[in-house]
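Asker: Quick note, in my numbering, the sequence shown goes up one by one and the last residue is 356.
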Amino acid sequence: MTLEQFTRNEGQVARRYEYDDGAVLVVDFGTGVADASVDLVDDTVIVIVDDEQYEFELPEGASDAHTFIKNGVLTVELEGDL
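1) When the Cα atoms are used, what is the spatial distance from Leu352 to Ala336?
2) List in chain order: all unbroken beta strand (DSSP E) runs of 3+ residues lying wholly within the stretch 286-331.
3) Give the DSSP bridge partners of Glu351, in chain order.
4) Since Val307 and Val323 are thought to touch, with beta carbons under 8 angstroms apart, how far apart are those beta carbons, to the nearest angstrom?
5) Just to confirm, are Glu329 and Thr341 a CB contact at a threshold of 8 angstroms?
6) Exposed or buried, Val287, counting other C-beta atoms within 10 Å across all chains shown (16 or more means buried)?
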């Protein structure tokens, strides 16, 4: 999973936090986001922000993932041996 695809727009911040039992990916699309949604289909995270769509595969070893987006901030919580 690459964070570079989320930082194409200037001022957009993406971070990955590693923990013993998993990882968390956070992308701040900004407060100006009018319409945003996230869905998890099999091992693919699909993010739609305004008219742009982003897709990425969960990393090897991810046994479970939880996704949500609120106030323009996408959070993907990954569990497993990453």
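Note that CB positions come from ideal geometry on N, CA and C, so glycine has one too.
Answerer: Reading it off the structure:
1) Numbered from 1 along the sequence shown, position 78 holds the residue referred to as residue 352. Numbered from 1 along the sequence shown, position 62 holds the residue referred to as residue 336. If I take the Cα positions, the gap works out to 6 angstroms.
2) 287-293, 296-302, 310-315, 318-323, 326-331
3) Translated into positions along the sequence shown, residue 351 becomes position 77. Glu351 is bridged to Val298, His340.
4) Indexing the sequence shown from 1 puts residue 307 at position 33. Indexing the sequence shown from 1 puts residue 323 at position 49. The Cβ separation is near 6 angstroms, so the contact holds.
5) Within the sequence shown, numbered from 1, the residue matching residue 329 stands at position 55. Within the sequence shown, numbered from 1, the residue matching residue 341 stands at position 67. Not closer than 8 angstroms, so no.
6) For the purposes of this step, residue 287 is taken as residue 13 along the sequence shown, with counting starting at 1. Val287 comes out exposed.
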